[in-house]
Every structure is written in structure tokens, then in C-alpha cells.
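Encoded as C-alpha cells, the structure appears first; notes follow it.
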Amino acid sequence: MLPRGGEARRSPLAVAGMLAGAVAVFLLIALVSNGLSVPRQPAVEKLHANKAQGHPAADHSMEYSQVTKVDVAHTRGTEPAHSSTTPVTSEAPKKLVVTVLDQDNNSFEIFDEPLPEDCHGQSHFDLDGGAVRWGLGHKAHSAAECCQRCKDYQPSGVERCNVWTWCGDPSGICWTMDIHTHTTGDCWLKYQEHWDNDVNLVSSNLRVNMQGQFPESFRAEHKTAPLWVPWTSGMIPKHKT
Numbered sequence: 003m004l005p006r007g008g009e010a011r012r013s014p015l016a017v018a019g020m021l022a023g024a025v026a027v028f029l030l031i032a033l034v035s036n037g038l039s040v041p042r043q044p045a046v047e048k049l050h051a052n053k054a055q056g057h058p059a060a061d062h063s064m065e066y067s068q069v070t071k072v073d074v075a076h077t078r079g080t081e082p083a084h085s086s087t088t089p090v091t092s093e094a095p096k097k098l099v100v101t102v103l104d105q106d107n108n109s110f111e112i113f114d115e116p117l118p119e120d121c122h123g124q125s126h127f128d129l130d131g132g133a134v135r136w137g138l139g140h141k142a143h144s145a146a147e148c149c150q151r152c153k154d155y156q157p158s159g160v161e162r163c164n165v166w167t168w169c170g171d172p173s174g175i176c177w178t179m180d181i182h183t184h185t186t187g188d189c190w191l192k193y194q195e196h197w198d199n200d201v202n203l204v205s206s207n208l209r210v211n212m213q214g215q216f217p218e219s220f221r222a223e224h225k226t227a228p229l230w231v232p233w234t235s236g237m238i239p240k241h242k243t
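Given below as C-alpha cells:
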């Protein structure tokens, strides 16, 4: 129903809406006439708007390569060495030192692994003793393994192993002043009959072949001798196996 006078009256809110629409149309016409397109709000602006409103939206505008770099930076050095599902234990890991060839030309790995205290082992240390297990070709992967074999060789009524000597030199050869060629991994199990069972080298009567560096006079006489004694040796006292 029209009011008196035949003209429809409009509310102030409707008038404001019409004015806003007219302004929008005018701006659109101006943009099109200048060859411009209506811009879309970029993802970064959306992210900033979300952050301003307290929404922790992900930044989808970040390139994949950037994400990859961030992931690598956070994970480098933490990946497992292999994909094994074996549970991690408290044992110290073995460290591969070198791979050599055994007497049958098969690959043989030499490891650096913790040596138990009751092996009483030292590097650059060559102990004397009669062989209860010939060492040429008797290979052990580490000094710890050679020591364990000595601990295990405890027969009753016969000579038991109380001295072990292992070649761990990564060169492949352990120089010794005899006619044999001693190769890396050789594990000698020995017995010193008159050893007083004292592991203190200062007070013990343990027979030592060589220890530490070869003397200069010795190397002058034996031209092929290395600077350091290449062997690692230890002792297993009786009743402490």
C-alpha cells in the first residue's frame, strides 16, 4: 500500500545499502576500464588474518621444498643407522674399524668395542706365554671377543688360558719378531704357568714381550718394525673367569 502522495518511502538503512552498492559498482567499472582484474586475497594474507583472530592455521603458502629443508634440519643425525626393529639396548655399540681378508680370502670385519675390565687388556701390549690355542688363522672380530675366548678356554686338569693376545692393527699385519706372518684378527690364547695371578704390572711376575713403543735401537736393528707394538693383550686371573 502506497503512502499518501503515491511515493514509496525508504528507510535510512535501505538508502545506505543502495549507496554502498552504487559505490561498489562504480569502483568495479573503474577497474575494468583501466584493464585491471579484481585481485584475490592470497593465502599468506589469509594466514595473517587467521593469526590475528587467534586461529593457528597452517601456512599453506609455504613451498614444499621449504618444508623439506626444515624437516631435514630437525632430523639430521637422528635417523637410525638401519631400519631394523631390534630394540635398543644399553650395550655400547660396536664401531667398524676395517674389513680385511682372512686366510681363505673371505671378508673379515674388525670392530672397536668396549673391553670388559676383567679382561685387564691394554693396547700396544704383547704378552708372552705358551699357546694353548694357536693364533694363526684363529680370528676374533675384536679384543673383547678374543678375551672372551680365553675366559671360555678353562679345561680342568690341563693348561688353561690365562693370557690372550689379539692383532687389531688396521694395516692387516701385526709385526712380530718371528718367522710367521701374523694378520689382523689373529687371536692367541696362552698360558703362563708361573704367573703369580697378580694383574698389577708393577708388582706382577707376568712375562711381557714388548709394550708401548719399540725402542729406537730395536727399530734400527729391525728395519721393518713399526713405531708402536701392534698387539693388544690381557690376562685372566685364576678363579676370576
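Residues 3 to 243 in my numbering are what the sequence shown spells out, letter by letter. Glycine included, each C-beta is placed from N, C-alpha and C at the ideal position.
- Put K153 into one of helix, strand or coil per three-state DSSP. Translated into the one-based positions of the sequence shown, residue 153 becomes position 151. K153: helix per DSSP, three-state reduction.
- Message: Buried or exposed, going by whether 16 or more other CB atoms sit within 10 Å of the CB of G132?
- Response: Here residue 132 refers to the residue found at position 130 when the sequence shown is read from its first residue. That one is exposed.
- How many whole angstroms separate the CB atoms of C149 and G236, which I take to be in contact at a CB cut-off of 8 Å? To locate residue 149, count along the sequence shown from 1; it is residue 147. To locate residue 236, count along the sequence shown from 1; it is residue 234. Contact holds; Cβ gap of about 6 Å.
- Can you check whether the CB of L208 is closer than 8 Å to the CB of W250? Since the first residue shown for the chain is 3 and the last is 243, residue 250 is missing from the structure and cannot be characterised.
- Which value, in whole angstroms, describes the spacing of the CA atoms of D171 and D188? Residue 171 sits at position 169 when you count from the first residue of the sequence shown. Residue 188 sits at position 186 when you count from the first residue of the sequence shown. Computed Cα separation, rounded: 10 Å.
- Quick one, are the C-beta atoms of S109 and L117 less than 8 Å apart? For this step, residue 109 is matched to residue 107 along the sequence shown. For this step, residue 117 is matched to residue 115 along the sequence shown. Against a cut-off of 8 Å, the Cβ pair of L117 and S109 comes out as no contact.
- E119 versus W177: straight-line alpha-carbon distance, rounded: Within the sequence shown, the letter at position 117 stands for residue 119. Within the sequence shown, the letter at position 175 stands for residue 177. About 26 Å.
- Would you mind reading off the limits of the beta strand (DSSP E) that contains F110? Walking along the sequence shown from the start, residue 110 turns up at place 108. Counting along the chain, the beta strand (DSSP E) containing F110 begins and ends at S109 to D114.
- Task: Just the C-alpha distance for Q215 and N199, rounded to the nearest angstrom, thanks.
- Result: Residue mapping note: residue 215 aligns to position 213 of the sequence shown, counting from 1. Residue mapping note: residue 199 aligns to position 197 of the sequence shown, counting from 1. Approximately 26 Å between the Cα atoms of the pair.
- When the distance is taken between beta carbons, is V210 closer than 8 Å to D130? Indexing the sequence shown from 1 puts residue 130 at position 128. Indexing the sequence shown from 1 puts residue 210 at position 208. Yes, Cβ-Cβ distance for D130 and V210 is below 8 Å.
- Contained beta strand (DSSP E) runs [length at least 3] in the segment 127 to 177, N- to C-terminal order: 127 to 129, 132 to 135 and 165 to 169
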